[in-house]
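There are 2 protein chains.
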Amino acid sequence: MHNSRKPPTMADVARRTGVSPMTVSRAFKRDSSVSQETREAVLLAAEELGYVFDSTASNLRSQRTDFIAVTIPSINNANFADTVRALSDRVSDRGLQILLGYTNYDVREEERLIEQLLRRKPEAIVVTGGKHTPRARKLLSNAGIPVIETWDLPEEPIGHVVGFSNAQAVREMVDHFVAVGYRKIAFIGGDADRDTRGADRRQGFIAALKDHGLDAPRLIAAGPPPISMREGANAMGQLLERFPDTEAVICVSDLSAFGALTECQRRGIAVPDRIAIGGFGDYEIGAISVPSLTTINAFAGEIGAKTAELILDVLDGKLDRPGRVTIRPDLILRQTSR
Amino acid sequence: MHNSRKPPTMADVARRTGVSPMTVSRAFKRDSSVSQETREAVLLAAEELGYVFDSTASNLRSQRTDFIAVTIPSINNANFADTVRALSDRVSDRGLQILLGYTNYDVREEERLIEQLLRRKPEAIVVTGGKHTPRARKLLSNAGIPVIETWDLPEEPIGHVVGFSNAQAVREMVDHFVAVGYRKIAFIGGDADRDTRGADRRQGFIAALKDHGLDAPRLIAAGPPPISMREGANAMGQLLERFPDTEAVICVSDLSAFGALTECQRRGIAVPDRIAIGGFGDYEIGAISVPSLTTINAFAGEIGAKTAELILDVLDGKLDRPGRVTIRPDLILRQTSR
DNA sequence: AGTTGGATTGGTAACGATAACATGGATGCC
DNA sequence: GGCATCCATGTTATCGTTACCAATCCAACT
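So the protein sequences, as listed, match chains A and B. The end of the first sequence is residue 338 by the working numbering, with every number in the run present. The end of the second sequence is residue 338 by the working numbering, with every number in the run present.
This is the structure:
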């Protein structure tokens, strides 16, 4: 019943069923023209033989892999996970599979990853962010497949875009904070260059303060991305020591914001009465923590969903020029701020 | 400079370099015997032509894909993400790439996913958990590649195992809780059948209570997995209403435990004085929350690392019989319990 | 000088599915 | 009845790389 020989091929299934290999091939496709009867016979024979469809051969001959390549900065981030999940859910029933890689928030690693992914000949490639090495840009441009940049609004997109302005989103939080009376506002974020979206948020923060004619910005560098809760807590400690009169702090993500909140709790500092806290990303923790976190919802899931739609449209030929889907982040006011 | 023709192949690169396609192929491999001079010439020509190595052809001819297939219940879970990250980091410098899929905590979906992944002809397949449909078991057994079950200690493993006993881990927490004087202990978890590791934890809980001769267990079903913070909070609300005299509660994960903690905070219930809380998984939130969470560290990263080691050993022929790596979870006592 | 051996390169066939085209038979329509 | 049409199936060649084997070259040695 079990043989330790070579695995069976379509030819074997064909022989057993008494049809041609071509018919077996058709039986394994969804919409191809095979009689119901024949298909069932083929699939039965395949199951009996323990035949497993060989994508590698199919990929080469048909020049289709049904892969959608996706790069994210970190696999361990609920925002990006939400995007990937929504994307995956919406393309998977079309037989497309996500081929995922992560860059560790490093454009050099992103370049390597992109090259590696393109060798697999995906049908489309989705990258997080709009900043890339020149070679990465070139690789993407020449790949001959749809390219979608997400989580950003690059000025010179490579192809399609589904994203939002990180700077603008933070600016709106600053506007609100100023409107309700906060003046001495700080920012907790990562080191300058690694996390480009984090850097954009900081830029937006600095620009907004300037527009409001406020103090020189109080910036706390919490270390290389991703900024953990722990690092957010440490950064809050630094902030309280270096700028004790700070009235509000905006953190690069809800994770660091929560860390900052806990540091205040440990020190007996009232939030938001003594200091207000704002986060970014609308992670679940921000909704459930006590007090709950003021934050910005960037609609991570919707980014994935819209990206999926866009990809399907392009692959169906329904969209022949670069698409640009702009997401409008929502400021969510909760208990850590007025 | 740019042509909208067909993408170049190795033959084009060979022609431009003045060598045979075979030599081009060798130039793209790491250790193959090509003179330094030739290799550089080939790679230069390739770059000039914008040639991108075609894995699909390579995969078919060499019968190697360098994929490691991995199934996890959810892409949005820090524990599994840690495992995948450690695994990925350790196999990627050997040129192996993770092919990731998620099952939504459903063995039927797992079966579908496993079949889909096996079609891609991975070098090995890593599955989370030790419970599968009969057909999934058969697919894995017959795949002819190393199979590694993780995050569990199945009694009849399919192949290799890197994991721990979920039941035993929770049992040890119960033992501790009983030792320090808690008697009325509850459990917050998911619906019975979906999350098999969660179900094992509940089983361990029930068995441990019985061994200690305690009350009928106070079980709160928080809904289908994954149990979110919000669901943990709701479950805590239910628990407080149905069993107001409960002294301690063990939650299926740190996320639900944190939700439960916040519910106590909202209701002004002292933790741990009025009720103690234990979690599972040692998520970052448990270490940083105020109060910090008593939990169980299952060494998610180490599971990934050991799995990687095991895979590399098997692929190198250094291990010819099924490996079984047992992880010993750690009980971490923090502020939500005595 | 002749032989051996290692390093480098080339020629040929094959991996296993399917695109493209062809065929036979049943059905529909005037 | 004759012809067009459609459906189910078969035949052939091919996708682009690389395993396998062979050939060449040069240095080192007897």
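The beta-carbon is built from N, C-alpha and C at its ideal position, and this holds for glycine as well.
Beta carbon of residue i nearer than 8 Å to that of residue j
{"i": "A233 (chain A)", "j": "V249 (chain A)", "result": "no"}
{"i": "R194 (chain B)", "j": "Y105 (chain B)", "result": "yes"}
{"i": "E111 (chain A)", "j": "R135 (chain A)", "result": "yes"}
{"i": "F80 (chain A)", "j": "T128 (chain A)", "result": "yes"}
{"i": "V91 (chain B)", "j": "V70 (chain B)", "result": "no"}
{"i": "L214 (chain B)", "j": "I188 (chain B)", "result": "no"}
{"i": "A276 (chain A)", "j": "T336 (chain A)", "result": "yes"}
{"i": "R392 (chain B)", "j": "F205 (chain B)", "result": "Past the edges of chain B, shown from 1 to 338, lies residue 392 (chain B), and the structure says nothing about it."}
{"i": "R183 (chain A)", "j": "I158 (chain A)", "result": "no"}
{"i": "A27 (chain A)", "j": "T38 (chain A)", "result": "yes"}
{"i": "P279 (chain B)", "j": "D82 (chain B)", "result": "Contrary to the premise, residue 279 (chain B) reads as Gly rather than Pro in this sequence. No, these two residues do not count as a Cβ contact at 8 Å."}
{"i": "V126 (chain A)", "j": "V325 (chain A)", "result": "no"}
{"i": "P244 (chain A)", "j": "G190 (chain A)", "result": "no"}
{"i": "R267 (chain B)", "j": "L239 (chain B)", "result": "no"}
{"i": "I311 (chain B)", "j": "A86 (chain B)", "result": "no"}
{"i": "A78 (chain A)", "j": "N76 (chain B)", "result": "yes"}
{"i": "T307 (chain B)", "j": "T65 (chain B)", "result": "no"}
{"i": "A216 (chain B)", "j": "A235 (chain B)", "result": "no"}
{"i": "L96 (chain B)", "j": "I114 (chain B)", "result": "no"}
{"i": "E263 (chain A)", "j": "G286 (chain A)", "result": "no"}
Where residue i meets chain B, residues with beta-carbon distance less than 7 Å
{"i": "V161 (chain A)", "result": "Correct list: empty, because the minimum Cβ distance to chain B is about 22 Å."}
{"i": "V84 (chain A)", "result": "I75"}
{"i": "A233 (chain A)", "result": "I288"}
{"i": "G259 (chain A)", "result": "I288"}
{"i": "S20 (chain A)", "result": "Going along chain B, no residue has its Cβ under 7 Å from S20 (chain A), so there is no contact; the nearest lies around 21 Å."}
{"i": "T262 (chain A)", "result": "I288, S289 and V290"}
Residue i: contacting residues in chain B (beta-carbon distance under 8 Å)
{"i": "S116 (chain A)", "result": "Note on residue identity: the sequence assigns Gln, not Ser, to residue 116 (chain A). The answer, in chain order, is Q97."}
{"i": "T65 (chain A)", "result": "T56"}
{"i": "N59 (chain A)", "result": "T56, N59 and L60"}
{"i": "A179 (chain A)", "result": "Those do not exist, as A179 (chain A) stays about 29 Å from chain B at its closest Cβ, beyond 8 Å."}
Cβ-based neighbour list, residue i, same chain, cut-off 6 Å, excluding 5 preceding and 5 following
{"i": "L100 (chain B)", "result": "V70"}
{"i": "P7 (chain A)", "result": "none"}
{"i": "L153 (chain B)", "result": "G163 and S165"}
{"i": "G323 (chain B)", "result": "H160 and L310"}
{"i": "T56 (chain B)", "result": "none"}
{"i": "L209 (chain A)", "result": "P217"}
{"i": "N59 (chain A)", "result": "T65"}
{"i": "V19 (chain B)", "result": "none"}
Cross-chain neighbours of residue i in chain B, by beta carbon under 9 Å
{"i": "L310 (chain A)", "result": "Going along chain B, no residue has its Cβ under 9 Å from L310 (chain A), so there is no contact; the nearest lies around 21 Å."}
Other residues of its chain near residue i: CB distance less than 7 Å, five sequence neighbours each side excluded
{"i": "A11 (chain B)", "result": "P21"}
{"i": "A192 (chain A)", "result": "A199"}
{"i": "Q168 (chain A)", "result": "G204"}
{"i": "L331 (chain A)", "result": "E172, M173, H176 and I296"}
Where residue i meets chain A, residues with beta-carbon distance less than 9 Å
{"i": "N142 (chain B)", "result": "H2, P7, G50 and V52"}
{"i": "R230 (chain B)", "result": "E284, A287 and I288"}
Cross-chain neighbours of residue i in chain A, by beta carbon under 7 Å
{"i": "L100 (chain B)", "result": "L100"}
{"i": "Q265 (chain B)", "result": "V290"}
{"i": "A78 (chain B)", "result": "N76"}
{"i": "A81 (chain B)", "result": "I75 and N76"}
Same chain only: Cβ atoms within 8 Å of residue i, ignoring 5 sequence neighbours per side
{"i": "M1 (chain B)", "result": "Unreliable placement is indicated for M1 (chain B), whose pLDDT of 39 sits below 50; the coordinate value is still reported in the next sentence. Once the five neighbours on either side are set aside, M1 (chain B) has no close Cβ partner at all."}
{"i": "P291 (chain A)", "result": "L261, V271, P272, R334, Q335 and T336"}
{"i": "S4 (chain A)", "result": "Interpretation of S4 (chain A) is limited by its pLDDT of 48, a score under 50 that renders its predicted location unreliable; no figure is taken from the coordinates."}
{"i": "V107 (chain A)", "result": "K131, H132, T133, A136 and T196"}
Contact set between residue i and chain A, taken where Cβ atoms lie within less than 8 Å
{"i": "S32 (chain B)", "result": "Residues of chain A passing the Cβ test: none, with the nearest at roughly 17 Å."}
{"i": "R119 (chain B)", "result": "V52, F53, D54 and S55"}
{"i": "T196 (chain B)", "result": "The premise fails here: T196 (chain B) is roughly 21 Å from chain A at the closest Cβ pair, so nothing lies under 8 Å."}
Inset, instruction - Please confirm if the region 116-129 of chain B is in contact with the region 50-64 of chain A, defined as three or more CB-CB distances below 8 Å between the two stretches. - result: yes
Inset, instruction - Examine the Cβ distances between the region 222-241 of chain A and the region 255-272 of chain A and report whether three or more of them are shorter than 8 Å. - result: yes
Legend entry - Meets three-Cβ-pair contact criterion under 8 Å: the region 172-186 of chain A and the region 142-155 of chain A: no
Inset, instruction - Run through the region 298-327 of chain B for me and flag every whole alpha helix (DSSP H) of 4 or more residues, listed as ranges in chain order. - result: 300-315
Legend entry - Continuous beta strand (DSSP E) assignments of at least 3 residues falling wholly in the region 254-303 of chain B: 276-278 and 295-297
Inset, instruction - Within the region 57-120 of chain B, note down every full beta strand (DSSP E) run reaching 3 residues or more, in order along the chain. - result: 67-72 and 97-102
Inset, instruction - Give, in chain order, every unbroken run of the alpha helix (DSSP H) that is at least 4 residues long and sits entirely within the region 177-234 of chain B. - result: 196-211
Inset, instruction - Mind listing, in chain order, the continuous alpha helix (DSSP H) runs of no fewer than 4 residues lying wholly within the region 116-180 of chain B? - result: 134-142 and 166-179
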